[in-house]
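Chains as they are written, first to last, in the UniProt record's numbering: chain V, 1 to 204; chain W, 1 to 204.
Built from N, CA and C at the ideal position, the CB exists for glycine as well.
2 protein chains.
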Amino acid sequence: MIEKGLLIVLSGPSGVGKGTVRKEIFSQENTRFEYSISMTTRAPREGEVDGVDYFFKSREEFEELIKQGKLLEYAEYVGNYYGTPVDYVRETLEKGRDVFLEIEVQGAKQVREKFPDGLFIFLAPPSLGELQNRIVTRGTESEELIRNRMNAAKAEIEMMDLYDYVVENNKVEIACEKVNSIVQAEHCRRERVEKRYKKMLEVE
Amino acid sequence: MIEKGLLIVLSGPSGVGKGTVRKEIFSQENTRFEYSISMTTRAPREGEVDGVDYFFKSREEFEELIKQGKLLEYAEYVGNYYGTPVDYVRETLEKGRDVFLEIEVQGAKQVREKFPDGLFIFLAPPSLGELQNRIVTRGTESEELIRNRMNAAKAEIEMMDLYDYVVENNKVEIACEKVNSIVQAEHCRRERVEKRYKKMLEVE
Chain V
1 MIEKGLLIVL SGPSGVGKGT VRKEIFSQEN TRFEYSISMT TRAPREGEVD GVDYFFKSRE
61 EFEELIKQGK LLEYAEYVGN YYGTPVDYVR ETLEKGRDVF LEIEVQGAKQ VREKFPDGLF
121 IFLAPPSLGE LQNRIVTRGT ESEELIRNRM NAAKAEIEMM DLYDYVVENN KVEIACEKVN
181 SIVQAEHCRR ERVEKRYKKM LEVE
Chain W
1 MIEKGLLIVL SGPSGVGKGT VRKEIFSQEN TRFEYSISMT TRAPREGEVD GVDYFFKSRE
61 EFEELIKQGK LLEYAEYVGN YYGTPVDYVR ETLEKGRDVF LEIEVQGAKQ VREKFPDGLF
121 IFLAPPSLGE LQNRIVTRGT ESEELIRNRM NAAKAEIEMM DLYDYVVENN KVEIACEKVN
181 SIVQAEHCRR ERVEKRYKKM LEVE
């Protein structure tokens with residue numbers, strides 16, 4: 001019997017740098033978990049590649065997949081759908097591999113309901129002011145969009161309660177190190193190890 | 001108001017390599033926790049230094065400290081007392097520094113009762129056979145002492161239930177890395193961060 005993999009969920013306010021942290025983690029050679037690529041109806045940003053950063057879909061395609069129950073979670077956010085294809089997640093966990101999701105907070109809430117044992121990490125901005133700077137600096141969004149994002153972010157920070165861990169994104173390298181530590185620590189949790197370990201001792 | 005430090009307790013069966021792991025951790029430059037030196041009535045092994053490895057005390061001195069309530073925990077183990085001076089631990093935690101204890105399992109149980117929020121890490125042998133090898137290889141103990149140790153170890157492994165985390169001591173470097181990850185992860189736990197973080201946001 002293969003022990004199931006761990007579902008790792010990285011989420012947090014829009015603009016906090018979830019994508020950057022995720023990319024940094026998966027650029028490291030020793031990363032031992034699998035990235036579940038999200039699906040979205042928003043337009044690709046410069047440099048984003050279909051099937052790498054996201055699966056880019058039309059609104060019609062996305063709504064069809066919702067109907068078919070093919071999404072573990074989905075959310076409409078600033079006018080676009082974001083979601084996680086369910087089959088890949090379940091199959092990979094069954095193989096005993098850890099799966100890493102980088103998703104919006106609305107989606108994380110849905111995943112928590114379906115996977116209460118998942119590992120939920122909230123990526124937090126050093127401050128809301130800092131968060132605003134980052135969104136403005138990105139420079140690709142209108143002022144109205146920025147205001148909407150800020151209001152959404154304030155609400156999202158209130159959602160921290162849902163998570164097991166909070167990682168402040170001051171420096172991306174440190175944030176990545178903390179995420180890796182959290183995953184490694186979680187694999188050492190007594191409840192997870194105990195059963196396997198005691199069985200090993202019985203065999204002798 | 002200073003946030004209290006974290007009490008980290010590393011324990012596990014005799015002979016599993018607690019001392020080696022502890023020394024490796026404290027030889028690393030980036031270790032940010034304070035080591036609480038244990039007190040014992042056993043004779044120093046070769047190379048052990050009073051006030052560095054242990055505070056070596058006579059039986060009479062030790063029993064006097066027990067009477068005065070100066071020990072956070074103590075245990076009699078294979079005919080010798082082992083214990084943790086309480087004042088150093090409390091003062092260091094109050095300063096907001098993490099304190100690291102490396103103690104026997106009997107002692108860890110007592111600490112758990114007094115510090116239920118502590119971080120309890122069980123250092124586990126890859127197998128009981130491997131444990132026996134290590135005790136024999138150490139080569140400084142009689143056969144009877146080894147048998148006693150093995151029986152004690154089997155009983156101690158049953159005590160894993162008391163701990164938050166289990167780290168298998170296959171390779172000392174990996175065990176150290178895991179202990180460090182566990183401490184870093186624990187500092188990111190939502191319950192710990194949340195209060196401080198929400199206050200920070202209110203200030204703006």
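About 18 angstroms separates the beta carbon of residue 47 of chain W from that of residue 82 of chain W, a gap too long to meet the 8 angstroms contact definition. The beta-carbon of residue 181 of chain V is placed less than 8 angstroms from the nearest beta-carbon of chain W. Just measuring C-alpha positions, the residue of W:85, W:172, W:105 and W:27 sitting nearest residue 68 of chain W is W:85. Bounds of any alpha helix (DSSP H) do not take in residue 76 of chain W; it lies within the beta strand (DSSP E) bounded by 71 to 77.
Interface flag for residue 112 of chain V against chain W is unset, since no Cβ pair is found closer than 8 angstroms. The beta-carbon separation of residue 123 of chain V and residue 18 of chain V, rounded to 5 angstroms, stays under the 8 angstroms limit for a contact. When V:144, V:90, V:193 and V:166 are compared, the shortest CA-CA separation from residue 165 of chain W is found for V:193. Bridge pairing for residue 8 of chain V: V:100 and V:119 [DSSP]. Residues of chain W whose Cβ lies closer than 8 angstroms to the Cβ of residue 122 of chain V are, in chain order, 190. In its chain, beyond the 5 residues on either side, 65, 83, 84, 85 and 86 have a beta carbon closer than 7 angstroms to the beta carbon of residue 71 of chain V. In summary, residue 95 of chain W is exposed, with fewer than 16 beta-carbon neighbours lying within 10 Å of its beta-carbon over all protein chains present. Listed along chain V, the residues sitting closer than 8 angstroms to residue 164 of chain W by beta-carbon distance are 189 and 190. Annotation: residue 121 of chain V to residue 173 of chain W spans about 26 angstroms, alpha carbon to alpha carbon. Against residue 167 of chain V, the close residues of chain W are 188, in the order they occur along the chain (beta-carbon pairs closer than 7 angstroms). Within the segment 146 to 191 of chain V, the runs of alpha helix (DSSP H) at least 4 residues long that lie entirely inside it are, in chain order, 172 to 187. Counting only residues of its own chain and dropping the five nearest sequence neighbours on each side, residue 170 of chain V has a CB closer than 8 angstroms to the CB of 126. In summary, residue 195 of chain V is exposed, with fewer than 16 beta-carbon neighbours lying within 10 Å of its beta-carbon over all protein chains present. Excluding its 5 nearest sequence neighbours in each direction, residue 62 of chain V has C-beta neighbours in its own chain below 6 angstroms: 41 and 81, listed in chain order.
Taking a beta-carbon distance threshold of 8 angstroms, residue 185 of chain V counts as an interface residue toward chain W. For residue 38 of chain W, the enclosing beta strand (DSSP E) covers residues 38 to 40.
If you look at residue 84 of chain V, you'll find it isn't in any alpha helix (DSSP H); it sits in the beta strand (DSSP E) that goes 80 to 85.
Closest in alpha carbon position to residue 167 of chain W, among V:151, V:186 and V:56, is V:186. For residue 100 of chain V against residue 10 of chain V, the beta-carbon gap comes to about 7 angstroms, under 8 angstroms, which counts as contact. Contact of residue 178 of chain W with chain V is assigned, a C-beta pair being separated by under 8 angstroms. Taking the Cβ atoms as the reference, residue 73 of chain V lies roughly 4 angstroms from residue 110 of chain V, within the contact range of under 8 angstroms.
The beta-bridge partner set that DSSP reports for residue 53 of chain W is empty. Under the three-state reduction of DSSP, residue 48 of chain W is assigned to coil, being neither helix nor strand.
Taking C-beta separations shorter than 6 angstroms and ignoring five residues to either side along the sequence, the partners of residue 75 of chain W in its chain run 82, 104, 106 and 107, following chain order.
Our two residues, residue 26 of chain V and residue 190 of chain W, have alpha carbons roughly 24 angstroms apart in a direct line. Sequence-distant partners of residue 31 of chain V (beyond 5 residues in either direction) whose C-beta falls short of 7 angstroms from its own C-beta, in its chain, are 25. Secondary structure at residue 124 of chain V: strand, using DSSP grouped into helix, strand and coil. According to DSSP, residue pairing for residue 34 of chain V in a beta bridge involves V:99.
In the three-state reduction of the DSSP assignment, residue 110 of chain V falls in the helix class. Contact between residue 183 of chain W and residue 7 of chain W does not hold, since their C-beta atoms are separated by about 11 angstroms, which reaches or exceeds 8 angstroms.
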